[in-house]
Structures are given as C-alpha cells and as structure tokens.
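J.: When the letters of the sequence shown are read in order and numbered with the working numbering, they come out as residues 1169 to 1458.
Could you have a look at this structure, given as structure tokens, before my questions?
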Amino acid sequence: MDTSSPITPDLTRVQVLSEALPYIQRFAGRTVVIKYGGAAMVQENLRHAVFRDITLLACVGLRPVMVHGGGPEINTWLAKLAIEPEFHAGLRVTSAETMEVVEMVLVGRVNKQIVNGINRQGGRAVGLSGSDGQLVQARPYDNGSIGLVGEVERVDPGLLMPLLERGYIPVISSVAAGPSGVSHNINADIVAGEIAAALHAEKLILLTDTPGVLRQPGVASTLLERLSIGEARALMAAGVVSGGMAPKTECCIRALAQGVRSAHILDGRVPHALLQEIFTDAGIGTMISG
C-alpha cells in the first residue's frame, strides 16, 4: 500500500519556502539593484507583484535598490501637452521643453507611485532622483547632439548607504544634473548598472519584456540561462545579441567588470520573476557572471 503523503498545494508552498532558505541566508545583508520597467511597470497585477517582491526581499534581510524610467507615461503626458516625441537611434531626443515633462513625470509622478506602492505592502521606500545629494552626476550624451540626454559621469553612493543600513528601500528616477546644473534624462539601465557598481552590489537585475538572452531572437525555447562575460561579448560580436538587448547586455558586462557579482536579465511579464530568480534552484531568465 502506498503510504506516501499526497502533494498538496500547501505542501508545495512549504517546499518552495524550504528551497528558499539557503538563498535567504546567502544573500542576507547583500545589496540588489533592480531596474524596473516594461510591462511590469504598466500592468497593474505585475506592478503589485513587483512591489510585494521588493518588500519581501527587504523583510528577509536583502537590501534592494530600485531604479526606474517611465517612457510610456512620458509619452502620455507629451501627447496631452501636444509635444511630438522624437527618437534617434532608440534614444529620446530631449529638448528643454521635453525635459520639463520628463522630470515632472519621472521625479514627481512615477517615482511617488512606486514609493507609495511599496509602502502599501509594508516596505519603507524613499523616493530619490539622481540629482539628490549628487547621487549621479551626468554629462551630455554625444556632446549634446540630441538635447538633454545624459550619460553617467560618476556615482556617489554616500546618500544611499545610511538609508540601506536603516532598512529603507531607495527608489531612484533616472534624472540627474549635468555640469551646469541642468537636468538630463539618462537611460535607466545605465543608471542601474553604474549604481550597482558603486554599491558593490551582489546582483544587478534588469526587468524586461523578453525571457532573457535568446540564441534565436524571438524563440523563447532558446533561452540562454547562464553566460560568462566572454560568452556574452561573443554573442554580441556575432550579432546574436542585437537590437534593444545589446545595450542591456553591455550594461550588465560593464557592471560585472566593476565588481558586481552577477547580472540578470529577467522577463518582468512573469509574476514574481524576482523571487523565482533569487530564491529558487531553477531561476528564470539569463544570468551573466564573471
């Protein structure tokens, strides 16, 4: 007679918790920088899942830092103000007029929505921009050829350290001042990577709208779950990693070269992708490491 216990939903949940224990122990006290964007920012059910995940990470002893952009929301407000969006090589051409909207939306609206969402889950989120405390100093991209688009000149993490030590969750919008004090719009992936490097983070995690790095673009079954820096560079050189995935992969490589332990490209359309990647044996998405 079979005397084994049936696999019930409750037992499955207990097994998942048990599997998470060594990862919780390993990563307690470690910093994880998460770039938040894509569908996970737009769809309500995914937003709530991310906010719960971030709060849970903090509750079990990790030190999450969130970095965000907000392209769709920016486009919505530009349309309301009858300002035509313009892009060059995938980057938003940012006039002074457009920059006012970008800063209003990212710093004043999207940032506070994220902060409030995490706080409603029981977290202790604090909203910042790259300009606060000169956290990020910007320089003009390509000598200002496309307006107030910036690159990261340097990161001073001094503002973040006391917040993290006291259990707060920094939420950072990707706006920072240039040398003249004028605000610049910076790609959020780049900001997240440079902040992760400055904090000597355990992990950099980019939430995207793709399963990860694919050997055959568009074919989810060809997901590459683990890559070394050398393998990632080879895939870029061969054109396997191209389009929007190329700058994300390059961002991961730069962060790893500056001391981040591992970088992850995850499908933010999967609920609780963060927890699956950090706390389970199987993981999800692509991990790049040295």
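Where is the CB? At the ideal position from N, CA and C, for every residue including glycine.
In its own chain, which residues sit with a C-beta less than 7 Å from the C-beta of D1449, not counting the 5 before and 5 after it?
T.: Closer than 7 Å at Cβ, skipping near neighbours: E1187.
J.: Unbroken alpha helix (DSSP H) runs of length 4 or more, entirely within the region 1275-1357: which are they?
T.: List check, alpha helix (DSSP H) in window: 1279-1288, 1328-1333.
J.: Whose C-beta lies closer than 7 Å to the C-beta of A1217 among residues of the same chain, with five residues either side of it excluded?
T.: Result list for A1217: P1439, H1440, in chain order.
J.: Please go through the region 1227-1267 and give each complete alpha helix (DSSP H) segment of 4 or more residues, from N-terminal end onward.
T.: Listed in chain order, they are 1239-1248.
J.: For V1184, is the classification buried or exposed, using 16 other Cβ atoms within 10 angstroms of its Cβ as the cut-off for buried?
T.: Its Cβ having fewer than 16 others within 10 Å, V1184 is exposed.
J.: Looking at C-alpha atoms only, which residue of T1378, K1248, S1396, Q1426 is the closest neighbour of S1389?
T.: For S1389, the nearest C-alpha among the options comes from T1378.
J.: Considering just the uninterrupted stretch of the alpha helix (DSSP H) at A1400, what are its terminal residues?
T.: Segment 1397-1405, the alpha helix (DSSP H) holding A1400.
J.: Under three-state DSSP, which class holds A1360?
T.: The answer is helix: DSSP assigns A1360 an H, G or I state.
J.: Which residues in the same chain as I1456 place their Cβ atom closer than 6 Å to its Cβ, once the five residues preceding and following it in sequence are excluded?
T.: Once the five neighbours on either side are set aside, the close Cβ partners of I1456 are L1395, A1400, C1420, A1431.
J.: As a quick exercise: from R1231, I1433, R1429, V1210, pick the residue whose alpha carbon is nearest that of E1370.
T.: Taking only the C-alpha atoms, the option nearest E1370 is R1429.
J.: Drop a sphere of 10 angstroms on the beta-carbon of D1435, count the other beta-carbons inside from all chains shown, and report buried for 16 or more, exposed for fewer.
T.: Looking at its Cβ environment, which holds 16 or more other Cβ atoms inside 10 Å, D1435 is buried.
J.: Please indicate yes or no: does the CB of S1396 lie closer than 7 Å to some heavy atom of the ligand GDP?
T.: With respect to small molecules bound, the structure shown includes none, and the ligand GDP cannot be examined in it.
J.: Going straight from the alpha carbon of I1251 to that of E1271, what length do you get?
T.: The straight-line gap from Cα to Cα measures roughly 15 Å.
J.: Once DSSP output is grouped into helix, strand and coil, what is the label at A1450?
T.: A1450 falls in the coil class under three-state DSSP.
J.: Are A1196 and L1225 close, meaning C-beta to C-beta below 8 Å?
T.: Result no, Cβ atoms of A1196 and L1225 do not sit closer than 8 Å.
J.: Touching or not, the region 1282-1290 and the region 1309-1328, by the rule of three or more beta carbon pairs under 8 Å?
T.: Cβ pair count under 8 Å is below three, so no.
J.: Specify, as a first and last residue, the run of the alpha helix (DSSP H) that A1463 falls within.
T.: Within the shown structure, residues of the chain are numbered from 1169 to 1458, placing residue 1463 beyond reach of any answer.
J.: How would you call K1416, buried or exposed, if buried means at least 16 neighbouring beta carbons within 10 angstroms?
T.: With 16 or more Cβ atoms within 10 Å of its Cβ, K1416 is classed as buried.
J.: Return the CA-CA distance between R1215 and L1274, expressed in angstroms with no decimal places.
T.: Cα-Cα distance, rounded: 16 Å.
J.: In the DSSP assignment, the beta strand (DSSP E) including N1200 goes from what residue to what residue?
T.: The displayed chain sequence assigns Val, not Asn, to residue 1200. That run of the beta strand (DSSP E) goes 1199-1204.
J.: Counting Cβ pairs, one atom from each stretch, are 3 or more of them under 8 Å apart for the region 1297-1314 and the region 1329-1345?
T.: Yes, the region 1297-1314 is in contact with the region 1329-1345.
J.: So, for S1461: in the same chain, excluding its five sequence neighbours on each side, which residues have a beta-carbon less than 7 Å away from its beta-carbon?
T.: The displayed coordinates of the chain run from 1169 to 1458. Any statement about residue 1461 would go beyond what the structure contains.
J.: Measure the C-alpha to C-alpha separation of L1392 and N1279 and round it to an integer number of angstroms.
T.: Cα to Cα, the separation comes out at about 32 Å.
J.: Going by DSSP in three states, T1376 sits in which element: helix, strand or coil?
T.: The answer is strand: DSSP assigns T1376 an E or B state.
J.: So who's on the other strand from A1431, going by DSSP bridges?
T.: DSSP, once it has assigned bridges, lists L1372, I1456 as partnering A1431.
J.: Use the C-beta contact count for P1308: other C-beta atoms within 10 angstroms, 16 or more gives buried, fewer gives exposed.
T.: Label assigned to P1308: buried.
J.: Given that a residue counts as buried once 16 or more other Cβ atoms are within 10 Å of its Cβ, and exposed if not, what is N1213?
T.: It counts as exposed.
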